[in-house]
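Numbering (the working numbering), first residue to last: 197 to 598. Glycine residues also receive a C-beta, built at the ideal position from the N, C-alpha and C atoms. Bear in mind that the values here come from a model prediction, so they are computed numbers and not experimental data. Okay, structure first, notes after.
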């Protein structure tokens, strides 16, 4: 405050400006002493570290592509109020190895066109390769998206994998989109989460759950993309989840972050007595990967729905994926506890995206298990290989094995 004394007393105040939505902050990572610390002002182009309700730009030309979620004193920082992050290319690692490990991000806002300018909405991951979030990542309840904007969008672009390997808490509704792959490999347990985590999938994204995730809406139709992995899903609040236009593909994708092809994907109710209903819809695909090692060398869907139902709707497709398959009986879907009797059958059975020869494959439908009999060792002849390539294009086969 400045005081001018003239014939009368005049007071002049300098009032600081404040904006609820700050402009994007651009990471440089070039502090001479601590080039990875999030809370060091010199690591940001603007000369100050982002605070509540900011958008982070992580550019391709940054000096350091590792960010430790600590403040300027090296103490763990859990940055709440995040309204967006743009990974401009691959190779980023977000972690907290300097503090006590509790640092991370809470994704609170979609952001607005006025606040983020030309930046993509939400979390955007680009570049060929992996961007890994080892730090804690959480969704909060606060969200008012712009008109027509997806709800808490996470966009993983072509050739990119966005890997969550720290604490991942999906307690609120969010949207996954793009043509890349998102992998959740968390160690925390999201069961009994008190929030409702609805999931919308746009485009042709692949979501591989290798840890624990929960979704809960009274009726949820997953209309695009691929869901797989070898982790556990929880459906809550007597929810009905339908794979309609989506591929459900237990197991990984053969990569370091996606896990082995053979693996069990478990679907459970969110809490004891809170049944979940699961269905493969009329335009849904269930992909059953079978390896070359004989009976038991295959991916499975395991169900424990607390009295809930598993239904295969008319029109649903079973795609058997693999190359050389030995004789034997392979269990592809199994009730491990008290799921109600299975209902329905697959209308189409494919082998690598092409109509399966019934002389080689027989699907058996039980009340608590679905199995596939393979008769005769089935190599992948040239005709199968040629047609399978076409089939993968036509059916967008789950983990892009072709």
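Take the Cβ of residue i as the centre, count every other Cβ of all protein chains shown within 10 Å, and call the residue buried at 16 or more, exposed below.
| i | result |
| --- | --- |
| residue 324 | exposed |
| residue 531 | buried |
| residue 506 | buried |
| residue 554 | exposed |
| residue 495 | buried |
| residue 533 | exposed |
| residue 449 | buried |
| residue 232 | buried |
| residue 547 | buried |
| residue 480 | buried |
| residue 237 | exposed |
| residue 322 | buried |
Looking only at its own chain, which residues have a Cβ that is under 7 Å from the Cβ of residue i, when we skip the five neighbours before and after it?
| i | result |
| --- | --- |
| residue 235 | 245, 266, 267, 268 and 273 |
| residue 518 | 485, 486 and 487 |
| residue 224 | 239, 240, 241, 258 and 259 |
| residue 386 | 365, 366, 408, 409, 410 and 430 |
| residue 434 | 470 and 471 |
In the DSSP output, which residue or residues are listed as bridge partners for residue i?
| i | result |
| --- | --- |
| residue 599 | Shown here, the chain extends from 197 to 598; a query on residue 599 therefore has no answer. |
| residue 475 | 438 and 507 |
| residue 446 | 425 |
| residue 373 | 351 |
| residue 570 | 524 and 557 |
| residue 233 | 264 |
| residue 152 | Since the displayed the chain opens at 197 and closes at 598, residue 152 lies outside it and no answer follows. |
| residue 496 | 460 |
| residue 486 | 494 |
| residue 358 | 327 and 378 |
| residue 417 | 438 |
Who are the Cβ neighbours of residue i in its own chain at under 6 Å, not counting the five residues just before and after it?
| i | result |
| --- | --- |
| residue 418 | 397, 439 and 442 |
| residue 294 | 264, 266 and 270 |
| residue 275 | 301 |
| residue 281 | 252 and 319 |
| residue 227 | 236, 238 and 239 |
Excluding five sequence neighbours on each side, which residues of the same chain lie with their C-beta closer than 8 Å to the C-beta of residue i?
| i | result |
| --- | --- |
| residue 491 | 522, 524, 525 and 526 |
Under 8 Å: do the stretch 446-466 and the stretch 499-512 share three or more Cβ pairs, one atom per stretch? yes
Is it a yes or a no for the stretch 536-546 touching the stretch 453-462, going by three-plus beta-carbon pairs under 8 Å? no
Does the stretch 511-530 come within contact of the stretch 565-573, defined as at least 3 CB pairs closer than 8 Å? yes
Taking contact to mean 3 or more Cβ pairs, one atom from each stretch, closer than 8 Å, check whether the stretch 351-368 and the stretch 319-333 are in contact. yes
With a floor of 3 residues, list each beta strand (DSSP E) that falls wholly inside the stretch 241-277, ordered by position along the chain. 251-254 and 262-264
Just to confirm the assignment: which complete alpha helix (DSSP H) runs, minimum length 4, are found wholly within the stretch 279-354? 309-312
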